[in-house]
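My numbering puts the first residue of the sequence shown at 38, with every later residue one more than the last. We treat Cβ as the ideally placed atom computed from N, Cα and C, and that holds for glycine. First the structure, in the form of structure tokens, and then the observations on it.
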Amino acid sequence: MENRRINLLFIVNSVGIGGAERHVITLLNKLDTARFRLSLAYLKKEDILNEGTLLPELDQDRLEGRVFCCNVSSKVDLRAARQLAKYICDDMADIVVCTNTYSLLYGWLARIMAGRHPRLVEIFHTTEMGTKKSKLQMLFYRPFFRVCDMLVYVCEAQKKYWRSRMLRAKHDAVIHNGIDVEHYVDHYTSEEKNLLRQSYGFSELDYVVGLCASMRPEKAHGDLLKAIANLRVAGLDIKCLFIGDGSERLRIEEAIKTMGLAQHVKITGFLADARPAMATCNVMALVSHHVETFSLAALEAMALGKPMIMSEIGGAAEQVIHGENGYLYKRGDIEALADALHQLMESKKCCQMGDRARSMVTQRFSLATMVNSFDQLFVKLARSPDQVMEVDNVIR
């Protein structure tokens with residue numbers, strides 16, 4: 038093992054656009070190829086028309102061509118599992134890295150079929166189960182966690198949540214999500230921001246709150262609309278920019294019209310690069326009712342110098358220090374959300390909190406910190422499996 042690279046096989050549900058999928062692409066692009074031999078298997082082809090794909094963001098040259106789709110055609114596709122098993126054997130995989138529960142199922146099946154036992158790692162991005170169906174699915178997946186050599190949580194709150202619910206693997210660790218803080222820098226000029234604002238019908242002096250998220254029910258865009266409507270009724274001039282697209286767009290557009298906000302709330306649609314749109318906002322918000330565990334979108338906005346207003350779910354309290362670099366509020370509490378928006382209308386306070394937000398990300402949640410932590414984890418698993426418990430004390 039000391040004389041060859043460590044073979045890592047990543048398994049992900051798809052390469053469609055999503056936080057967990059982007060996390061995998063980032064690791065593949067940044068892990069040291071002098072130390073690791075990298076491969077990627079994705080279970081299903083993404084619907085490019087409706088979802089988009091992250092494949093163009095993957096530097097496939099680093100993977101030496103080992104990127105393949107399993108073309109899963111049913112919930113448990115044994116043909117796909119055998120394909121993965123063959124790859125584990127042929128490539129002598131040392132570690133199989135799974136992202137969330139469905140890929141963990143296939144990693145477990147493939148390891149059994151392969152007849153050899155690479156280390157099994159689960160990177161888990163989920164906290165609360167938002168629906169009855171997802172709760173039942175979690176009951177099915179629970180046993181697979183127990184055979185994992187390492188369960189990686191993406192924040193402390195998530196680890197606490199699942200440990201209290203008796204979710205167990207052989208070992209676990211916390212590695213916070215990280216972003217490229219040099220990529221997310223507000224280098225846009227006032228003129229560039231004003232031109233973009235004008236394209237959405239906003240003026241230079243407007244107070245604009247942004248929300249960057251897929252338009253899905255759990256993201257609760259309607260909560261922000263209600264808070265904005267309440268503030269406008271109270272005589273406060275506030276605008277909103279929804280950055281993104283999704284299945285709920287028509288419902289959201291109808292709600293905007295019904296609330297009389299058509300002149301004050303705009304939707305960008307899908308953007309390949311959301312940085313200019315986020316940079317033109319004064320404040321960013323995430324108002325989700327569930328799903329968020331440790332939001333990359335929040336880190337990106339904070340790195341751009343934007344104070345964050347977040348519903349207090351998942352690891353939000355590890356990102357936002359209430360009253361210092363943003364505000365936290367109880368999910369669904371429209372009055373508290375509106376109050377936070379009102380507080381940040383004071384430009385000096387908004388700028389100060391934005392500076393602290395970027396400082397927080399730079400110091401604690403950089404991409405380099407995250408990648409280095411995974412590097413340590415994979416090396417320890419491959420080369421010192423009997424000492425893997427030490428990881429719990431090293432990686433945070």
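Determine the contact status of M345 and A394, defining contact as a CB-CB distance below 8 Å.
yes
Do V246 and N319 have their CB atoms nearer than 8 Å?
yes
Identify the residues that DSSP records as bridge partners of I346: which are they?
Answer is A322 and Y364, bridged to I346.
Residue interval of the beta strand (DSSP E) (run including D96)
Taken as a continuous stretch (DSSP letters only), D96 belongs to no beta strand (DSSP E), as it is neither H nor E.
Let me check one thing: in DSSP terms, what residues is V189 bridge-paired to?
I160 and A210
Note down the Cα distance separating I371 from A405, rounded to an integer number of angstroms.
37 Å
Have a look at S240, M203 and A322 and flag the residue whose alpha-carbon is nearest the alpha-carbon of H258.
A322
A118 classed as buried or exposed, judged by whether at least 16 other C-beta atoms fall within 10 angstroms:
buried
E219 classed as buried or exposed, judged by whether at least 16 other C-beta atoms fall within 10 angstroms
exposed
Let's test the definition: count the other Cβ atoms within 10 Å of the Cβ of M129 and tell me whether it reaches 16, buried, or not, exposed.
exposed
Return helix, strand or coil for L336, following the three-state DSSP convention.
helix
Report all residues from its chain with a CB closer than 8 Å to the CB of A13; omit the five preceding and five following residues, and keep chain order.
Nothing can be reported for residue 13: it is not among the residues displayed for the chain, which extend from 38 to 433.
Same chain, Cβ closer than 6 Å to D209, five either side skipped, listed in chain order:
L188
Residue closest to I275, alpha-carbon to alpha-carbon, out of S403, V357 and D376
D376
For V222, the nearest candidate out of K343, V328 and L77 (CA to CA):
K343
Please classify Q300 as buried or exposed, where buried requires at least 16 neighbouring CB atoms within 10 angstroms.
exposed
Given a cut-off of 8 Å on the beta-carbon distance, is the pair N50 and Y139 in contact?
yes
Residue span of the beta strand (DSSP E) that contains S76, given as start and end:
F73 to Y79
Leaving out five residues on either side along the sequence, give the residues of the same chain with a beta carbon under 7 Å from the beta carbon of P254.
Cβ neighbours of P254 within its own chain (closer than 7 Å, five residues either side excluded): E285.
Separation of D98 from A373, as counted between CA atoms
49 Å
Applying the 10 Å Cβ sphere with the 16-neighbour rule, what's the burial state of R368?
buried
I62 versus E94: straight-line alpha-carbon distance, rounded
Cα atoms of I62 and E94: separation of roughly 7 Å, rounded to the nearest angstrom.
Euclidean distance between Cα positions of G360 and C106:
46 Å
Report the rounded CA-to-CA distance for F47 versus I289, giving the unit in angstroms.
36 Å
Segment limits, beta strand (DSSP E) that includes F105:
V104 to C106
For the pair the stretch 132-147 and the stretch 52-72, tell me if three or more CB-CB distances fall below 8 Å.
yes
For A335 and M382, the rounded distance between their alpha carbons
19 Å
N- and C-terminal bounds of the beta strand (DSSP E) containing I44:
Checking the sequence shown, residue 44 turns out to be Asn, not Ile. Per DSSP, N44 belongs to the beta strand (DSSP E) from I43 to V49.
Quick one: what does DSSP say K82 is sitting in, helix, strand or coil?
coil
Quick check on this structure: which residue in S325, M339 and Q380 has the alpha carbon closest to the alpha carbon of T164?
S325
Counterpart residues of H359 in DSSP-defined beta bridges:
G363
Looking at the structure shown, is S403 part of a helix, part of a strand, or coil, going by DSSP?
strand
Three-state secondary structure assigned by DSSP to R420
helix
Rounding to the nearest angstrom, what Cα-Cα distance links T90 and S201 in this structure?
36 Å
In this structure, how does DSSP classify I125 when only helix, strand and coil are distinguished?
helix
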